[in-house]
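Accompanying notes for the structure given below.
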Amino acid sequence: MIEIAIDQNTVEAGDFLIARIHWAGDRRVNRIIAAAQWETAGKGNRVWGVGRSRVFVPNRGAHEATFPVRLMIPHEGPVSFEGTLIAIAWTLKVRVDQSGIDEYEEAPFRVEPRVVRRDAERTLAMQPG
Amino acid sequence: MRRYTGPVLPRISGKATPDGMLLTRAGVTAKDLREQLLLGAAFLIGAVAVLLGARARRFDDRPITYTISMYFLLCAGVHQYLVRRRLRRAALLVRPWPIRLGDDIEVKFRATFRSSTAIAAVTAKLECVEEVTIGSGRDQRKEHATLFAIDLPCVARPAGDRKFTESWTATVPDALPPSLTVRSNAVHWQVSTLVTTDGVDVPASFELLVLPEVARD
Numbered sequence: 018m019i020e021i022a023i024d025q026n027t028v029e030a031g032d033f034l035i036a037r038i039h040w041a042g043d044r045r046v047n048r049i050i051a052a053a054q055w056e057t058a059g060k061g062n063r064v065w066g067v068g069r070s071r072v073f074v075p076n077r078g079a080h081e082a083t084f085p086v087r088l089m090i091p092h093e094g095p096v097s098f099e100g101t102l103i104a105i106a107w108t109l110k111v112r113v114d115q116s117g118i119d120e121y122e123e124a125p126f127r128v129e130p131r132v133v134r135r136d137a138e139r140t141l142a143m144q145p146g
Numbered sequence: 028m029r030r031y032t033g034p035v036l037p038r039i040s041g042k043a044t045p046d047g048m049l050l051t052r053a054g055v056t057a058k059d060l061r062e063q064l065l066l067g068a069a070f071l072i073g074a075v076a077v078l079l080g081a082r083a084r085r086f087d088d089r090p091i092t093y094t095i096s097m098y099f100l101l102c103a104g105v106h107q108y109l110v111r112r113r114l115r116r117a118a119l120l121v122r123p124w125p126i127r128l129g130d131d132i133e134v135k136f137r138a139t140f141r142s143s144t145a146i147a148a149v150t151a152k153l154e155c156v157e158e159v160t161i162g163s164g165r166d167q168r169k170e171h172a173t174l175f176a177i178d179l180p181c182v183a184r185p186a187g188d189r190k191f192t193e194s195w196t197a198t199v200p201d202a203l204p205p206s207l208t209v210r211s212n213a214v215h216w217q218v219s220t221l222v223t224t225d226g227v228d229v230p231a232s233f234e235l236l237v238l239p240e241v242a243r244d
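This is the structure in structure tokens:
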């Protein structure tokens with residue numbers, strides 16, 4: 018059993034996704050992987066990518082554990098949006114790597130553009146190609 | 028569904044100047060010339076195959092069909108090449124750079140033509156376009172959808188002037204997505220211009236970099 022509790026359903030690009038993951042089970046668990054993942058949807062060929070991920074290793078013999086997750090969403094995004102041909106969605110995906118069949122759970126969240134002051138220096142130093 | 032590990036923002040060639048980012052376009056490049064030469068070579072191969080078949084008194088409609096197709100393709104390619112060749116160089120100076128959603132941008136466009144021609148009309152627009160690739164191999168196709176477009180006001184310059192300059196200011200809406208480039212899915216922000224000279228439309232397009240940041244007061 019996997020339970021995911023996300024602190025905020027909306028996160029800005031460049032900010033941190035904070036969540037708590039609770040796992041309970043009878044099987045021997047090798048590791049638990051939590052990843053902030055984005056996927057495209059819509060008419061185009063579908064692709065997916067990972068912003069950041071974290072691996073948690075429970076104590077040997079443990080049958081439950083709760084651990085915090087703090088994953089940075091990349092400054093460059095992509096941000097969540099629903100267009101005419103393309104949609105981008107983010108989810109926090111948790112995979113329990115255990116003996117037998119692995120267990121999965123996920124929780125959606127939104128990534129919004131980072132709000133900055135109009136006169137703020139451009140922090141993303143984009144070099145000319 | 029394939030995993031993508033590359034950058035999600037486009038890489039745009041330009042030169043940083045004190046007045047902004049300078050983006051340049053040549054009317055035609057060496058790559059365009061190579062494409063025309065390849066088309067010409069493909070047409071010649073077909074023509075030679077037809078002639079050889081005629082000499083051997085062998086009737087086969089495949090070389091004829093191929094040669095006719097290559098002929099039309101070559102004509103279209105050469106026409107496009109000559110149209111674009113009228114433009115020697117186009118440049119766009121953009122400030123600020125990179126752009127944020129909600130930014131008021133200043134754009135200065137300059138085009139230099141190869142000969143003094145009467146510029147009948149100039150149109151330009153700032154647009155946000157989605158582009159997707161569907162399928163793969165021979166079934167692959169691209170689709171586009173315009174999420175946003177505004178016309179930028181232009182004033183036609185008098186005849187005899189090889190250089191044309193125009194400046195615009197525009198606001199990038201903050202409710203739209205930023206630039207995106209991943210496999211098979213892209214969101215392009217661009218300034219598209221069309222200069223009409225002697226009844227011919229000469230296009231020049233410049234991609235802009237819009238960050239996933241929103242400017243607020």
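Residue numbers (this note's numbering), protein chains in the order written: chain A, 18 to 146; chain B, 28 to 244.
Yeah, the Cβ is synthetic: ideal placement off N, Cα and C, and Gly gets one too.
All figures in this text were calculated on a predicted structure; none of them were measured in a lab.
Got a sec? Which residues, its chain only, sit under 7 Å from residue i by beta carbon, not counting five neighbours each side?
i      : result
B:E154 : T173, F175, A176, Q217 and S219
B:H171 : V156, E157 and E158
B:E62  : G104
B:G80  : D87 and P90
Compare the Cα-Cα distances from residue i to each of the options and report the closest residue.
i      : options                           : result
B:P125 : B:G104, B:S206 and B:L60          : B:S206
B:F136 : B:R210, B:A118, B:K58 and B:R127  : B:A118
A:G80  : A:P95, A:T57, A:V28 and A:N47     : Before going on, a small fix: residue 80 of chain A reads as His here, not Gly. Among A:P95, A:T57, A:V28 and A:N47, the Cα nearest to that of A:H80 is on A:N47.
B:L100 : B:G129, B:V134, B:R113 and B:L65  : B:L65
A:R63  : B:M28, B:G162 and B:K169          : B:M28
A:G31  : A:A58, A:E122 and A:R127          : A:R127
A:A22  : A:V28, A:V132, A:E29 and A:R37    : A:R37
A:V133 : A:E29, A:S70 and A:I103           : A:E29
A:G66  : A:R44, A:G94 and A:P85            : A:G94
B:P200 : B:R243, B:V229, B:R165 and B:L221 : B:R243
B:D59  : B:Y93, B:A76, B:L109 and B:R82    : B:L109
A:I35  : A:G68, A:R87 and A:F73            : A:R87
B:R115 : B:K42, B:T56 and B:P204           : B:T56
B:E158 : A:A106, A:R112, A:D119 and A:T101 : A:T101
B:R113 : B:C181, B:G80 and B:F140          : B:F140
B:G129 : B:P204, B:Y93 and B:R89           : B:P204
A:D114 : A:G61, A:P85, A:G68 and A:W40     : A:W40
B:I91  : B:Q107, B:L71, B:R38 and B:V105   : B:L71
B:A213 : A:R112, A:Y121 and A:I103         : A:I103
A:I118 : A:R45, A:S70, A:D136 and A:V72    : A:R45
B:G73  : B:R89, B:R84 and B:R85            : B:R89
A:R112 : A:K60, A:G59 and A:G42            : A:G42
A:Q54  : A:M89, A:T83 and A:E99            : A:M89
B:V227 : B:T94, B:C181 and B:R111          : B:R111
A:R71  : A:R135, A:N26 and A:A52           : A:A52
B:I3   : A:A82, A:E120 and A:R135          : No answer is possible for residue 3 of chain B: the residues shown for chain B start at 28 and end at 244.
B:T94  : B:E193, B:Q107, B:L78 and B:L221  : B:L78
B:S194 : B:R38, B:A83, B:R122 and B:V229   : B:R122
Apply the 10 Å Cβ neighbour rule to residue i and answer buried if 16 or more other Cβ atoms are within range, or exposed otherwise.
i      : result
B:V237 : buried
A:N76  : exposed
B:P45  : exposed
A:S116 : exposed
A:E20  : exposed
B:S142 : exposed
B:T32  : exposed
B:R127 : buried
B:H215 : buried
A:T57  : buried
A:Q144 : A caution first: A:Q144 carries a pLDDT of 42, below 50, which makes its placement in the model too unreliable to give a value.
B:L120 : buried
A:G78  : exposed
B:M48  : buried
B:R52  : buried
B:G54  : buried
B:V246 : In the structure as shown, chain B begins at 28 and stops at 244. Residue 246 of chain B is therefore absent and cannot be evaluated.
For my contact list, residue i and residue j are in at a C-beta cut-off of 8 Å; report their separation, rounded to the angstrom.
i      : j      : result
B:T223 : B:A103 : Wrong, their Cβ atoms sit about 20 Å apart, outside the cutoff.
B:A197 : B:A138 : Actually they do not touch by this definition, with Cβ atoms about 19 Å apart.
A:P130 : B:V241 : 5 Å
B:L50  : B:F233 : 5 Å
B:D225 : B:A145 : 7 Å
A:I49  : A:F73  : 5 Å
B:M97  : B:A76  : Between B:A76 and B:M97 the Cβ distance is about 11 Å, and since that is not below 8 Å, they are no contact.
A:G61  : B:S211 : 5 Å
Below 8 Å CB to CB, which residues in the same chain sit around residue i once its five sequence neighbours on both sides are set aside?
i      : result
B:Q167 : T160 and I161
A:P91  : A30, G31, G68 and R69
B:R85  : none
I'd like the list of long-range same chain contacts for residue i, defined as Cβ closer than 6 Å, with 5 residues on each side in sequence excluded.
i      : result
B:V209 : Y31 and V35
B:K169 : T160
A:E123 : T108 and K110
A:P125 : T108
B:K42  : L49
A:P85  : R37
Residues, ordered as in the chain, of the segment 162–180 of chain B that lie near chain A by beta-carbon distance below 7 Å: When C-beta distances to chain A are compared with 7 Å, the residues of the segment 162–180 of chain B below that value are E170, A172 and L174, in chain order.
When Cβ atoms are compared, which residues of the segment 89–112 of chain A fall closer than 8 Å to chain B? So the list reads P91, H92, E93, G94, P95, V96, F98, G100, T101, L102, I103 and I105, given in the order they occur along the chain.
Can you pull out the residues from the segment 26–43 of chain A whose beta carbon lies closer than 8 Å to at least one beta carbon of chain B? Per Cβ criterion, the list reads A30.
Output, in sequence order along the chain, the residues in the segment 40–69 of chain A whose CB is closer than 9 Å to any CB in chain B. Those would be W55, E56, T57, G59, K60, G61, N62, R63, V64, W65, G66 and V67, in chain order.
Could you run through the segment 189–211 of chain B and flag, in chain order, every residue whose CB is less than 7 Å away from some CB of chain A? Cβ contacts with chain A come from P204, P205, L207, V209, R210 and S211.
What residues in the segment 117–139 of chain A bring their beta carbon closer than 9 Å to a beta carbon of chain B? Correct list: V128, E129, P130, R131, V132, V133, R134, R135, D136, A137 and R139.
Chain A contacts from the segment 42–56 of chain B (Cβ-Cβ distance under 7 Å): For the segment 42–56 of chain B, residues whose beta-carbon sits nearer than 7 Å to a beta-carbon of chain A comprise K42 and A43.
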